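Each residue of the sequence shown is one higher than the one before, counting from 42 in my numbering. For glycine and all other residues, C-beta sits at the position ideal for the given N, C-alpha and C. Predicted model, so just to flag it, every value in this text is computed and none were measured. Notes follow once the structure below has been shown.
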Amino acid sequence: MSSSASNESLRAPASRCLLCNVGCPVRVMRAGPDQWLPDYVPHAGYAGLCGRGSVLVELADHPDRLRGAHRHGGGGREVLDLRAVAAEAAEALRGADSAAVIVDGNYDVDTLAAVGAFAKSLGATWAVSLPPSDEALVRGLDSSGCRFVGPEALEQADAMLVIGDVFATHPVAAHWILEAKARQPRMPVLVLAASAGVTADFASASFQAVPGAGLAAAVAAVRTGNVSALGPRAKGLAGWKDLLKGAKQPAIVLAADAGRASVLALAAEVAHLAKELQAAVCPLTTYGNAWGAMRAAAAGGAAAAGGAAGVEDILRDPPEALLVIGADVESALAPQAVASALDGVLTLVYVGPMPNRTSRRAGLVFPAAFAFEQSGRALLGPARETAFEPLLAPPAGVPSVREILALAGGGAVKANLTSPVAAATARANGEPKGEGLLLVLANDPVHFADGSLTREARWPQTVIPRPVLLLAEEDAEAAGVADGRRAVLQGPGGRAEVVVATDAAQARGQARASAAFPAVRDVFGWKLGGPDAFEPVRVRVGKA
Ligand code: SF4
């Protein structure tokens, strides 16, 4: 595919799946009188939808969707007039001693900017909700001066360093890596990942790094050729810088799903290496619009310049009144830590398409369209701005977030996306001390982010109904648990029941657990304002 083809793809008017930043064009096909199926748009090299993209239509038509504004409490659910209740919510926020707004980062950038302006008009602070790893990736790379490309350009690369299990986290991006490999079967591909996933199967060489700080250390070893700190397994990394440098179009693909400090350290190392190699960098985020959300938040004066750090800033000293738009704030970080913060909020208003933990504790609840039920703009990565059209119309009477803001007195705003997000750096922590397996969160091709949307859909419920714990066969045997059986994971923050999946290629002493389940996130013992969101921890595994 030529670069003009990839530009054509970004300009093409289509709906976009934003359940990762590949941003696959998507449309619906009629499968019956009142039945729709999602389908990819066959152009510019896009190869299909992954499992996540396939649930969009089911969410649109989900039986539990919020369809009317209602008030919790008082023993009943009275459906309210939207205009009146929007004015009431705005008044509650304006009249509170302290007020804040948290909005999901996957809404289109102009909606995010309008939310920011609305919050400011009420005297409220605001933040966009994003996975901490996305926030760190954008903060670590946006101002780095690297040359960025989208996954569509990977087919043109003639040597690749792939960081992360891209096949699991961004399946359609992996397709372009395979296309490049098919075009040039001898193309060198090095995979560095904290887990030996399918991505490693199509590598010329792979290295299973220690989760957390180990990935940044592995990239540094490639750059310097000094592999001694990584042990004998890393010997093969020493010659890779020359292999990559000898290519005409080397590319570094980076999918990061580890903790915040680790991702910041990894991004700094990747930027360093990319500049020395003059390689293009293809950053892959969990939220399709992570880049747009971070830039819109920074330009709009959001708390901590946006991202999960801004959400933490708001929740650390809970406001008297809080408006949450689209995000399941309680589920997205760690429910135990966030629930007690939300207990301190006197007036909680929720706006969104689906019920969730946060909406269930809100006093006022508004239905709203999904981001994919309206037109808008997203920034899929640096220089990857794309306009998208609605996939389907929202149900009758369900307004968009922008329409709700207008009812509450807000106005339209065009987001300023021109300035890169200011750089942040961090040193990755060393391995946590203590006994037990080293645990990291793992994204998968079935559930999206915190799972609060995909856990409601039938297909993800069927395929991954419970959190999966991936570990080495020897570690499973030592813990007395078996492949496919239930087990209990015990960490610094508590315990979670998981289903064991053993893998002969998984490094001993390391484990990965599904990120999309709140109980798993609680295991990490994450605390509001703690320095290292979702860094690896030591856990014990036992029989359920
Ligand atoms: S690869 Fe990403 S954008 Fe494409 S369908 Fe899957 S989740 Fe959606």
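Buried or exposed by the 16-neighbour rule on C-beta atoms within 10 Å, applied to residue i
i           : result
residue 227 : exposed
residue 547 : buried
residue 417 : buried
residue 319 : exposed
residue 580 : buried
residue 481 : buried
residue 93  : buried
residue 43  : Any answer about residue 43 is weak, because its pLDDT of 32 lies below 50 and its placement is not dependable; what the coordinates show is given next. With fewer than 16 Cβ atoms within 10 Å of its Cβ, residue 43 is classed as exposed.
residue 553 : buried
residue 76  : exposed
residue 324 : buried
residue 256 : buried
residue 267 : exposed
residue 186 : exposed
residue 460 : exposed
residue 353 : buried
residue 484 : buried
residue 74  : exposed
residue 496 : buried
residue 503 : exposed
residue 239 : exposed
residue 327 : buried
residue 176 : buried
residue 62  : buried
residue 440 : buried
residue 396 : buried
residue 70  : exposed
residue 215 : buried
residue 310 : buried
residue 438 : exposed
residue 521 : exposed
heavy atom of the ligand SF4 below 8 Å from residue i C-beta
i           : result
residue 606 : Given a span of 42 to 585 for the chain in the structure shown, any question on residue 606 remains unanswerable.
residue 334 : no
residue 65  : yes
residue 211 : yes
residue 57  : yes
residue 90  : yes
residue 61  : yes
residue 409 : no
residue 214 : yes
residue 489 : yes
residue 93  : yes
residue 329 : yes
Residues bridged to residue i [DSSP beta-bridge criterion]
i           : result
residue 479 : 551 and 579
residue 56  : 67
residue 366 : 144 and 392
residue 325 : 296
residue 538 : 529
residue 110 : 121
residue 73  : 76
residue 567 : None; residue 567 has no bridge partner.
residue 574 : In DSSP, residue 574 forms no bridge with anything.
residue 169 : 144
Test item: CB-CB of residue i and residue j under 9 Å
i           : j           : result
residue 405 : residue 129 : yes
residue 152 : residue 486 : no
residue 403 : residue 390 : yes
residue 233 : residue 348 : no
residue 147 : residue 219 : no
residue 509 : residue 540 : yes
residue 126 : residue 112 : yes
residue 314 : residue 230 : no
residue 131 : residue 123 : no
residue 301 : residue 183 : no
residue 491 : residue 556 : yes
residue 379 : residue 134 : no
residue 386 : residue 421 : no
residue 341 : residue 157 : yes
residue 65  : residue 207 : no
beta-carbon residue i near the ligand NAD non-hydrogen atom, thresh 8 Å
i           : result
residue 528 : Of the ligands this structure carries, namely the ligand SF4, none is the ligand NAD.
message: For a minimum of 3 consecutive residues, which ranges assigned as the beta strand (DSSP E) are wholly contained in the region 447 to 530?
response: 478 to 483 and 509 to 512
- prompt: What residue ranges within the region 394 to 436 form continuous beta strand (DSSP E) runs of no fewer than 3 residues, ordered along the chain?
  reply: 405 to 408, 417 to 420 and 426 to 429
Whole alpha helix (DSSP H) elements within the region 190 to 250, 4-residue minimum: 207 to 210 and 212 to 224
- request: Report the residue ranges of all beta strand (DSSP E) runs contained in full by the region 261 to 301; include only those spanning at least 3 residues, in chain order.
  value: 291 to 296
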